[in-house]
């Protein structure tokens, strides 16, 4: 799972320590856990006093789609109201907003697949 790989690579173990970064995956629709379910589980596991902030990173390649600009903010706002969340939640720009990074990843993948490119 990508969230677990990110957790391990950049923050080490997900075990509790004095100051930690917790990385969890959530899904907008279809797959589980949903965004509201993941928020609720984090709050239940760590308590609102145990969380300073929540950062939502939409893992989308397209930076300007409806999911990023409308759906995810609406889902998060509804979850904040329904779950009575007082922890600040910030939503980042999607990874697709970083065009140079995406182009480098595309080029690297193409190079690995092509016997003719250097």
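Numbering (the numbering used here), first residue to last: 6 to 123.
Note that the Cβ used here is the ideal one computed from N, Cα and C, for glycine as well.
Residue i - partner residues in DSSP beta bridges
{"i": "residue 32", "result": "39"}
{"i": "residue 60", "result": "95"}
Contacting residues, own chain, Cβ-Cβ under 6 Å from residue i (five flanking each side not counted)
{"i": "residue 73", "result": "63, 65 and 99"}
{"i": "residue 60", "result": "95"}
{"i": "residue 23", "result": "Because residue 23 sits at a pLDDT of 48, beneath the cut-off of 50, its placement in the model cannot be relied upon, and the following sentence gives the value as read from the coordinates. Excluding residues within five positions, none has a Cβ falling inside 6 Å."}
{"i": "residue 38", "result": "31"}
{"i": "residue 117", "result": "none"}
Limits of the unbroken alpha helix (DSSP H) element including residue i
{"i": "residue 113", "result": "104 to 118"}
{"i": "residue 14", "result": "7 to 16"}
{"i": "residue 83", "result": "77 to 88"}
9 Å Cβ cutoff met for residue i and residue j
{"i": "residue 40", "j": "residue 90", "result": "no"}
{"i": "residue 57", "j": "residue 92", "result": "yes"}
{"i": "residue 4", "j": "residue 45", "result": "Past the edges of the chain, shown from 6 to 123, lies residue 4, and the structure says nothing about it."}
{"i": "residue 67", "j": "residue 101", "result": "yes"}
{"i": "residue 12", "j": "residue 27", "result": "yes"}
{"i": "residue 16", "j": "residue 25", "result": "yes"}
Same chain, Cβ closer than 8 Å to residue i, five either side skipped, listed in chain order
{"i": "residue 6", "result": "30"}
{"i": "residue 120", "result": "none"}
{"i": "residue 48", "result": "56, 88, 90 and 92"}
Spatial neighbours of residue i in its chain, beta-carbon cut-off 7 Å, leaving aside the 5 residues before and after
{"i": "residue 76", "result": "33"}
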